[in-house]
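Per the working numbering, the sequence shown starts with residue 3, numbered consecutively. Below: one structure, written as structure tokens.
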Amino acid sequence: MAYNLLKGKKGIIFGALNNMSIAWKVAERAHEEGAEFVLTNTPVSLRFGELNELAEKTGSIIVPADATSVPDLENLVKTAMEKFGGKIDFILHSVAMSLNVRKGKLYDDLNYDYLKKTLDISAISFHKVLQVSRKLDAIKDWGSVVALSYVAAQRSLYGYNDMADAKAMLESIARSFGYIYGRDKKIRVNTISQSPTLTTAGSGVKGIDGLLDFTNRMSPLGNATADECADYCVTLFSDLTRKVTMQNLYHDGGFSKMGMSFRAMNMYNQGLEQGKHMKDDE
Ligand SMILES: NC(=O)c1ccc[n+]([C@@H]2O[C@H](COP(=O)([O-])OP(=O)(O)OC[C@H]3O[C@@H](n4cnc5c(N)ncnc54)[C@H](O)[C@@H]3O)[C@@H](O)[C@H]2O)c1
């Protein structure tokens, strides 16, 4: 159901790769709510051509940009301002990648060149997006910028690897830039800490099927889906959340506040005997 929450609002959406992507769902919902936006992703990912379908459906243009490249970001933001004839209202940063995860490097055997890339793509790029936007004075007063995070920024979760460090940095950037952008321009900067979600990036997380089942059992409301995440993003881009800034907002069905649930304990107990014979690092 649409409420016209984003009628007249213009934005930039990073990170729609295919129709599983959280950013894809956000684009669909934002379009339903009356927003217009520019879609962007890396030149390599655009070669798959799937984004054209979303662009057509939402009446958007696609501007290629590597989120780690300041010149690419400057071109993207300037193009968006030209298209919309002025400043924009919102930005979604839905970008992450870890070569350590992809190449199966464990956290106590990281490749540091890969780690630098993880941090640059998954966290520092958010700073770059904010800094470029501010220097070009691209966002309207009371605009809203949202990035997607994960609870591994606060808690140790098996298998999340160096992405946990990237998410901690991402959330810190939201606070630090949120202060400056809020003070000077009344612009909100927040992160949404989303449940594990089956997407291309999500599938890279070690043991994703077990993790999805575990977090679902642990969460009183169950895992939050990508579509539900899109709903939440829409509220944060809307005028209904104008005093929410510098927050890491959990969108996880309650998982982050749980210790143990009945449903998870039941499942755990079923494997208790077998588990007694397992090694700790299995
Ligand atoms: N899927 C999950 O379980 C989950 C949970 C919490 C948070 N998140 C976060 O949500 C965001 C979106 O991920 P997703 O799950 O939709 O997966 P996804 O794979 O669909 O999206 C990740 C996107 O990042 C883009 N990207 C990678 N490197 C880039 C670069 N250098 N410049 C620009 N874009 C680049 C990819 O092309 C892709 O579109 C990520 O920040 C991810 O960490 C995902």
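Ideal Cβ positions, reconstructed from N, Cα and C, are used throughout, including at glycine.
Is residue i near ligand 1, judged by its Cβ being under 7 Å from some heavy atom?
i: LEU41; result: no
i: GLY17; result: yes
i: GLY13; result: no
i: THR202; result: yes
i: LEU150; result: yes
i: MET269; result: no
i: GLN156; result: no
i: VAL28; result: no
i: ILE24; result: yes
i: VAL97; result: yes
i: SER221; result: no
i: ALA32; result: no
i: GLN249; result: no
i: THR70; result: yes
i: PRO217; result: Correcting the residue identity first, residue 217 is Thr in this sequence and not Pro. No.
i: PRO198; result: yes
i: SER62; result: no
i: SER174; result: no
i: THR193; result: no
i: ILE123; result: yes
i: THR44; result: yes
i: SER263; result: no
i: SER127; result: yes
i: SER47; result: yes
Starting from residue i, follow the beta strand (DSSP E) in both directions and report where the run begins and ends.
i: ASN192; result: 190-196
i: ILE93; result: 90-95
i: LYS142; result: 141-151
i: ILE123; result: Here ILE123 belongs to no beta strand (DSSP E), and DSSP marks it neither H nor E.
Any idea what DSSP makes of residue i, helix, strand or coil?
i: ASN163; result: coil
i: LYS105; result: coil
i: LEU8; result: coil
i: GLU35; result: coil
i: ASN77; result: helix
i: PHE50; result: coil
i: GLY13; result: strand
i: LEU246; result: Looking at the sequence shown, residue 246 is not Leu but Val. Coil.
i: HIS253; result: strand
i: LEU138; result: coil
i: LEU112; result: coil
i: VAL40; result: strand
List the endpoints of the continuous alpha helix (DSSP H) containing residue i.
i: LEU214; result: 210-220
i: LEU238; result: 228-239
i: ASN268; result: 264-272
i: GLY204; result: 202-205
Any 3 or more C-beta pairs closer than 8 Å across the stretch 224-242 and the stretch 169-189: no
At least 3 beta-carbon pairs within less than 8 Å: the stretch 25-37 vs the stretch 5-16: yes
Three-pair Cβ contact test at 8 Å for the stretch 157-170 versus the stretch 26-33: no
Cβ contact check for the stretch 265-275 and the stretch 58-73: 3 or more pairs under 8 Å: no
Three or more C-beta pairs below 8 Å linking the stretch 226-236 and the stretch 49-62: Contact between the stretch 226-236 and the stretch 49-62 is absent, because fewer than three Cβ pairs lie under 8 Å.
Contact between the stretch 165-184 and the stretch 240-254 (3+ Cβ pairs under 8 Å): yes
Contact between the stretch 90-97 and the stretch 130-147 (3+ Cβ pairs under 8 Å): yes
Touching by the beta-carbon criterion (3+ pairs, under 8 Å), the stretch 69-82 and the stretch 127-147: yes
Any 3 or more C-beta pairs closer than 8 Å across the stretch 109-117 and the stretch 39-49: no
Inter-stretch contact (C-beta, 8 Å, three-pair minimum) for the stretch 253-262 and the stretch 188-207: Taking 8 Å as the limit for Cβ pairs, the verdict is that the stretch 188-207 does touch the stretch 253-262.
Contact between the stretch 200-210 and the stretch 268-282 (3+ Cβ pairs under 8 Å): Not touching, per the Cβ criterion.
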